[in-house]
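Q: Take a look at the following structure, please.
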Amino acid sequence: MTVRHTYLGTLVCFLLVLSGSAFAMPAEVPLHFGVTGDPDRWASRGEALMTMTTVGGLLALVMGGTAALVDRMPLAYLNAPHKDWWTATPERERRMRRMMRTDLYALASATMLFLSVVVLATALAARADDPALGPLFFVGLACYLVFVVAWTVWSLSTRYRRRDDA
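Read left to right, the sequence shown gives residues -24 to -1, 1 to 142 (mature numbering (1 follows the signal peptide of the UniProt record, and there is no 0)).
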């Protein structure tokens, strides 16, 4: 399975969570939460679903689209450590673009999974007697942040370093 297939799987996951939440949400849904996890803005189920669909769709389009088009982008639009070294030969440039595509799909996958957690946590909060974001959201946020930071550090420190043998 490629990272692109993983990304497509996270899109399906997001759509399934969104669809299930459409049936589980009550008429009034918390649409925004403060730093403590308590709702500070409420909306109708329709507005909440439209907002979640729009945000998810735009993120999927921008992040997945960028990953899919990285091979066609002019070099001026691409940024990588040691870019001059990576673009010195056609083989290195192809490898750099492959790695960038993988990185973009990995980060897009993590983002779509986190968005699925946000939708699910919102639906659960909407149905709770005392609506608030529960541990699911905060654990999901922590996992997302750890993944993004770890992937970024790994990419910058190891993945894109100059290779004298390449």
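Ideal Cβ positions, reconstructed from N, Cα and C, are used throughout, including at glycine.
1) When the Cβ atoms of the region 120 to 127 are set against those of the region 24 to 40, are three or more pairs found closer than 8 Å?
2) On the criterion of 16 or more Cβ atoms from any shown chain inside 10 Å, does THR12 qualify as buried, or is it exposed?
3) In three-state terms, what does DSSP make of ASP60?
4) Please check the pair VAL95 and SER(-4), which I expect to be a contact at CB under 8 Å, by giving their CB distance rounded to whole angstroms.
5) Apart from the five residues on each side of it in sequence, which residues of its chain come closer than 7 Å, Cβ to Cβ, to THR(-15)?
6) Is the beta carbon of MET1 sitting closer than 7 Å to the one on ALA97?
7) Identify whether ASP16 lies in helix, strand or coil by the three-state DSSP scheme.
8) Using a Cβ-Cβ cutoff of less than 6 Å, which residues in the same chain neighbour VAL46 once the five nearest sequence positions on both sides are dropped?
A: For this structure:
1) no
2) exposed
3) helix
4) 5 Å
5) SER85, MET88 and LEU89
6) no
7) strand
8) ARG73, MET76 and ARG77
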